[in-house]
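Position 223 (the sequence shown) corresponds to 229 in the numbering used here; numbering is contiguous.
Every residue, glycine too, gets a C-beta built ideally from N, C-alpha and C.
Keep in mind that this is a model prediction, so the values were computed, not measured.
A short worksheet on the structure shown next.
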Amino acid sequence: MQRYELVGCNASPYSRKLLAILRYRRLPYNWRVQDPATLPSELAGPLRLMPMLRAADDKRFECDSTPLAQMLEERHRDARSIIPDDPAAAFLCHLIEDYADEWCTKMMYYFRWGDPETARVCASWVIRDLRPELRGAERVAAERTFFQRQRDRREMVGCGPDNGPLIEAHFCELLRALSLLGGSDQYLFGTRPSLADFALYGQLFQLTLDAWPQAIVRRDAPLVENWVYRLDDASGVDGAWDTLDAAASNIGRMAILRLIGRCYLPFLVRNAAAIANGERTVSLEIDNRPYAQPAFKYQARCFREIRRRWNTLAESDRSRLSPLLGETGCLPCLNDSFT
Ligand SMILES: N[C@@H](CCC(=O)N[C@@H](CS)C(=O)NCC(=O)O)C(=O)O
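Written as structure tokens, this is what we have:
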């Protein structure tokens, strides 16, 4: 089997997500800690986000972990797929993956770059990883520049101090939800990990490493740290999917869907409306707290994709999911009246 080349860095949640997927799926890969900006132009297009992946005989590297995970599904239709077989469970899996990639990443960014001490440690970790050739004053200057750049971007990605109390509360609620999974070998759709688990893993890998959120995890939800580190290399896991009925009683997954229904989907609805109306800012109340950020085109696309998946599900699958999505508050945002 041809080897994959994965380019990214350890501080990148999406790089760790894809690395863990390759490991679980037992696909051969070479992992290169490298800034994609340094890839030659014949190997990569203008959009160079971390991570970037290609198979040995692909012409170019591509980015965005979601389509890349999908590409691996299409190329390797074997027993270690990370998309549940049941289309109704697969829909939930994509929904939770999107929440992890687009909303939980705010937790990662807020905790990492909001606290100056945590931010300093991370900035120098990233520069030591991506610019190993730098020494002395040059390295210190690069660390300082990166530290400032990341902190200056907090408002732009919705992670400024004004949103802090909400993000902190939601992180604690996510930790409680994951603790409800009931064991470090239990996942959202059974005893085998799904794309949604790997997306949460990517963010939580960082949140269990950075000093500030790590202290919260160790104090409030130590199981989550075990869960994350086991998923880091799950090449030895041979689990099974739950049936959807059993999964409906999965209280950890229900708790995450409640967070999505109360917070992430209403945000996506408002963001899509802001983009459609040409507004620059999206603002709404979540859990009786104000939340605001610049409107994001990418997240409007994410919402369209969730709606597309919902609308193309077979009627029988939608009926099976409706009680669960109704109970968790997700259903109204999936309905047509919201677009
Ligand atoms: N949605 C993409 C996001 C990739 C992404 O945003 N990567 C970050 C690093 S974790 C990045 O390269 N950001 C650009 C920058 O910081 O300049 C995915 O799932 O891979």
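Residue from the options whose Cα sits closest to the Cα of residue i
i	options	result
residue 115	88, 76 and 174	174
residue 43	28, 14, 21 and 22	14
residue 156	128, 176 and 138	128
residue 67	89, 10, 165 and 243	10
residue 225	83, 234 and 214	214
residue 335	257, 78, 268 and 241	268
residue 119	56, 159 and 58	159
residue 196	72, 332, 327 and 258	258
residue 34	41, 142 and 12	12
residue 294	256, 254 and 172	172
residue 102	262, 327 and 331	262
residue 165	326, 108 and 54	108
residue 270	326, 31, 340 and 28	340
residue 188	239, 249 and 256	256
residue 244	282, 77 and 32	32
residue 138	317, 40 and 36	40
residue 303	230, 281, 254 and 238	281
residue 82	168, 326, 8 and 206	8
residue 332	252, 90, 306 and 260	260
residue 135	311, 169, 37 and 289	37
residue 369	222, 206, 248 and 233	Only positions 7 to 345 of the chain appear in the structure, and residue 369 is not among them; the question remains open.
residue 78	229, 27, 228 and 291	27
residue 49	65, 291 and 317	65
residue 242	86, 60 and 59	86
residue 185	326, 216, 232 and 317	232
residue 326	168, 95, 284 and 307	95
residue 3	297, 24 and 25	The shown model of the chain, from 7 to 345, leaves out residue 3, and the question about it has no answer.
residue 203	45, 72 and 47	72
residue 216	251, 126, 250 and 193	126
Beta bridge counterpart(s) of residue i as assigned by DSSP
i	result
residue 196	193 and 247
residue 289	298
residue 304	Looking at the DSSP assignment, residue 304 forms no beta bridge with any residue, so it has no partner.
residue 37	12
residue 50	67
residue 59	12 and 68
Sequence-distant residues of the same chain with beta carbon closer than 7 Å to residue i, five excluded per side
i	result
residue 131	17
residue 19	111, 114, 208, 209, 211 and 212
residue 300	162, 286 and 287
residue 218	117, 121 and 124
residue 315	97 and 100
residue 56	14, 15, 18, 20, 21 and 42
residue 229	185 and 190
Same chain only: Cβ atoms within 8 Å of residue i, ignoring 5 sequence neighbours per side
i	result
residue 345	The pLDDT assigned to residue 345 is 49, lower than 50, so where the model puts this residue is not dependable, and the model offers no usable value.
residue 416	Because the chain in this structure spans residues 7 to 345, residue 416 falls outside the shown range and cannot be described.
residue 3	Limits of the chain in this structure are 7 at one end and 345 at the other, which puts residue 3 out of reach.
residue 265	105, 176, 179, 180 and 183
residue 246	196, 197 and 198
residue 328	337
residue 63	8
beta-carbon residue i near ligand 1 non-hydrogen atom, thresh 8 Å
i	result
residue 303	no
residue 72	yes
residue 107	yes
residue 55	yes
residue 200	no
residue 300	no
residue 69	yes
residue 18	yes
residue 23	yes
residue 42	yes
Close beta carbons around residue i, own chain, < 6 Å, minus the five adjacent residues each side
i	result
residue 309	274 and 278
residue 88	200 and 201
residue 236	190
residue 240	30 and 199
residue 276	288 and 290
Which runs of the alpha helix (DSSP H) spanning at least 4 residues fall entirely within the stretch 205-242, listed in chain order? For the stretch 205-242, whole alpha helix (DSSP H) runs of length 4 or above, ordered along the chain, are 217-226 and 228-238.
Complete alpha helix (DSSP H) runs within the stretch 104-191 (minimum length 4 residues, chain order): List check, alpha helix (DSSP H) in window: 111-120, 122-136, 142-158 and 170-185.
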